[in-house]
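Colleague:
In our numbering, the protein residues as written are 913 to 1043.
#1: Could you check the C-alpha separation between residue 940 and residue 1002 for me, to the nearest Å?
#2: Among residues of its own chain, excluding the 5 on either side of residue 1038, which ones have a beta-carbon nearer than 8 angstroms to its beta-carbon?
#3: From what residue to what residue does the beta strand (DSSP E) around residue 1012 run?
#4: With DSSP collapsed to three states, give me the class of residue 957.
#5: Tell me, please, whether the region 955-971 touches the region 1007-1015 by the rule of three or more beta-carbon pairs shorter than 8 angstroms.
#6: Please tell me whether residue 1020 and residue 1041 are closer than 8 angstroms, where the distance is taken between their beta carbons.
#7: How about residue 1017 and residue 989: are their beta carbons less than 8 angstroms apart?
#8: Please say whether residue 1032 and residue 985 have beta carbons closer to each other than 8 angstroms?
#9: When you compare each of 987, 1036, 916, 978 to residue 957 by their alpha carbons, which one comes out closest?
#10: Which residue marks the beginning of the alpha helix (DSSP H) containing residue 993, and which one marks its end?
#11: Given a cut-off of 8 angstroms, decide if residue 1034 and residue 983 are closer than it, judged by their beta-carbon atoms.
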């Protein structure tokens, strides 16, 4: 009888320990998620501030254009060119995603850069008249 009581008490203690461990694990995971969320918010704010510092006008060179790689994000292209692109068009195609076309002025008269992004990822680029 004393042994059964001791075993029940031991089971109760183990159950409490398991519950405390589960609670601690849950709290640790929530803290990790909150930290990651704060870090993401800081990165997004820094990127937004960097975008705001970009000029609305620039003159893209052939050298800059040649550095643009497929798969780059719109923000990266803007940073490389040193200015914000102007959205020329945008559309959502069911089953395929959102596509947006941006343009930048080139470094010579009548020169232009055009790039198309799918979900902000570069899919195509073209230029006319760059030097």
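Glycine residues also receive a C-beta, built at the ideal position from the N, C-alpha and C atoms.
Keep in mind the model is a prediction, meaning the values are calculated, not measured.
Modeller: Well, looking at it:
#1: In a straight line, the C-alpha of residue 940 is about 42 angstroms away from that of residue 1002.
#2: 1025, 1026, 1027
#3: 1009-1017
#4: helix
#5: no
#6: Yes, these two residues count as a Cβ contact at 8 angstroms.
#7: no
#8: yes
#9: 987
#10: 986-993
#11: yes
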